[in-house]
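Heads up, the thing below is written out as structure tokens.
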Amino acid sequence: MRIATWNVNSIKQRLEAVTTWLGDAEPDVVCLQEIKCTDEAFPREAFLDCGYNALVHGQKGFNGVAILSRRPVEDAWTGLPGDDEDTHSRYIEGVISTADGVVRVASIYLPNGNPSDSPKYPYKLAWMDRLIAHARDRLALEEPLVLAGDYNVIADERDVYDPASWTDDALFRPETRAQFRRLLDLGLTDALRACSDEAGLYTFWDYQAGAWQRNKGLHIDHLLLSPEAADRLAAVHIDKAVRAREKPSDHVPVVVDLAIDVE
DNA sequence: ATGCCTTCTAGCAGAAGA
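Its first residue numbered 558, the first sequence is counted upward by one per residue in our numbering.
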């Protein structure tokens, strides 16, 4: 079973890029972030034509998450418990039945949090508290679980081109990294780090200042696996070549292969 | 030191992103 995560930075602008990539990469499930459209505006038909069902939690203008799946997705769940005031569309989860049993998948768009001296930063840290609480509940189900998305977290020095220049950034501040460790300490495995401890395995390159050409990247897109999923981890791949294509997103797909028979 | 670039909504500039 192949599961991917990709922050597409507007599904409307990236529709052709995504459908082309689906044909090339042949994932069973894709977690999308920053679709930047309402549920109604999501191009469901285009994905149905490619053989994918869509589960969508959209928002006008910004944010928005979705899950594309070849198999039907059941038990749809949107949003994180714990804050009735939170209007951002940043979390969607569903369950996919396979020949090897169910797999639970979530698409996560964690708040950026910058500037880190603004209210956006405490919102980020509180959102992470809510994610941790929800992940704890889901882990108790003891299912294969994949929490995939744009975490807006630089977990350590290997994940950023110039750590010193990022010390006060909301993506890299000690409080952010401590929250990410709390999440992992629930018993989750970062799929990429289970396969490699190499530095410079980036998933994002800013549009500005020639960041891609200079390889000034960040590793901020993660697939976190429950023990039941980690036991079946076969491979991880960052599809870096996608960043060099026409009209790219600033993020690239990250793909895991799990030893689970879909059909 | 700042902006660099891309997308959105609104309406021909400003917010948001990371």
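Ideal Cβ placement from N, Cα and C applies to all residues, glycine included. This one's a predicted model, so the numbers in the text were calculated from it and none came from an experiment.
Separation of residue j from residue i, as counted between CA atoms
i    : j    : result
Y832 : P668 : Absent from the model: residue 832. The displayed extent of the chain is 558 to 820, so no value can be given.
W634 : D754 : 33 angstroms
D725 : I711 : 12 angstroms
A705 : R661 : 11 angstroms
E699 : A692 : 11 angstroms
R789 : V813 : 10 angstroms
A748 : V703 : 9 angstroms
Y708 : F619 : 16 angstroms
E820 : A656 : 5 angstroms
S654 : A561 : 17 angstroms
P720 : A768 : 15 angstroms
V586 : Q770 : 30 angstroms
H808 : L579 : 16 angstroms
G615 : T746 : 28 angstroms
R738 : D778 : 15 angstroms
D632 : S722 : 43 angstroms
H645 : E602 : 25 angstroms
G621 : G636 : 11 angstroms
A690 : G608 : 34 angstroms
P584 : L741 : 25 angstroms
W563 : A792 : 17 angstroms
N566 : A582 : 19 angstroms
R571 : P672 : 27 angstroms
P600 : D606 : 10 angstroms
For residue i: DSSP bridge partner residues
i    : result
G774 : W762
N564 : Q590
L781 : L704, D747
Y680 : Its beta-bridge partners do not exist; DSSP assigns none.
R559 : D814
G580 : Beta-bridge pairing links G580 to no other residue.
V662 : G651, V703
A623 : L589, V613
Residue from the options with nearest C-alpha to residue i
i    : options                : result
R695 : H808, S722, E732, P638 : P638
L728 : L745, D606, M685       : M685
A623 : D641, F604, D640       : F604
R750 : S722, I568, D713, P731 : D713
R627 : Y708, A611, D640, F599 : A611
A756 : P720, D716, W563       : D716
L625 : D796, A798, Q590, W762 : Q590
K569 : A582, A690, E597       : E597
P701 : V613, S673, A766, L781 : L781
E573 : V799, A816, L815       : V799
L775 : Y718, A801, L743       : Y718
L758 : V811, F599, Q736       : V811
E642 : A683, L815, Y666       : A683
A663 : H794, F761, C752, V613 : V613
C752 : V575, T733, H794, L743 : H794
L688 : K804, Q736, V652, A816 : Q736
Cβ neighbour criterion (16 or more within 10 Å) applied to residue i
i    : result
N772 : exposed
Y764 : exposed
P784 : exposed
K593 : buried
R559 : buried
E650 : buried
G670 : buried
P629 : exposed
S806 : buried
P731 : exposed
R802 : exposed
S675 : exposed
| said: Extract the residue ranges of the alpha helix (DSSP H) inside the segment 709–743, only unbroken runs of 4 or more that lie entirely within it. | reply: 731–741
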